[in-house]
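Structure first, then comments.
Residue numbers (my numbering): 176 to 327.
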């Protein structure tokens, strides 16, 4: 008999409540189970002690008998320190959609254009700061011929 430790849904519509059960993997989700191991109430705050309750002694027994936890129950057991944390990979979730990628590219282009404009403004400011110093040095040289012409 292939045993699973999984969630069996209870509660009313839009008010879920789950029992953590050890059940034959061939049985329906909410159907017959061998033993109730705890409860899970997703409506409670995440830091509440009442959110997930497990009988760890019985859970360890069933794990020792070869029962496989479902993904959600495995996360509960990892949080409780019973199972080692596993690396999860969801490659579909990692890739944004086409429109989101286009928005990111447009935003990156705007940022690059803005940075280029700032650099250009800095260069213009440096050039403007250097140009008046040159104009002051050249100004007396230009005025001198004008004064000589006026003196004649």
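From the three backbone atoms N, C-alpha and C, an ideal C-beta is built for every residue, glycine too.
Closest option to residue 212, judged by alpha-carbon separation, among 202, 251, 223: 251. Here DSSP, grouped into helix, strand and coil, assigns residue 266 to helix.
Shown here, residue 210 sits in a strand according to DSSP, grouped into three states.
When DSSP reads this structure, residue 198 sits in a beta bridge with 179. Fully contained in the segment 227-298 are the following beta strand (DSSP E) runs of length 3 or more, in chain order: 227-229.
Leaving aside the five residues that flank residue 245 on each side, the residues in its chain whose CB is nearer than 8 Å to its CB run, in chain order, 179, 180, 181, 182. By the neighbour-count criterion, in which a residue is buried when 16 or more other Cβ atoms sit within 10 angstroms of its Cβ, residue 300 is exposed.
Between the C-alpha atoms of residue 207 and residue 263 there is a straight-line separation of about 30 Å.
Sequence-distant partners of residue 243 (beyond 5 residues in either direction) whose C-beta falls short of 6 Å from its own C-beta, in its chain, are 179. The alpha-carbon separation between residue 230 and residue 240 amounts to approximately 16 Å. The Cβ atoms of residue 266 and residue 279 lie no closer than 9 Å to each other. By the criterion of a C-beta distance shorter than 7 Å, residue 253 is surrounded in its chain by 260, once the five residues flanking it on both sides are discounted.
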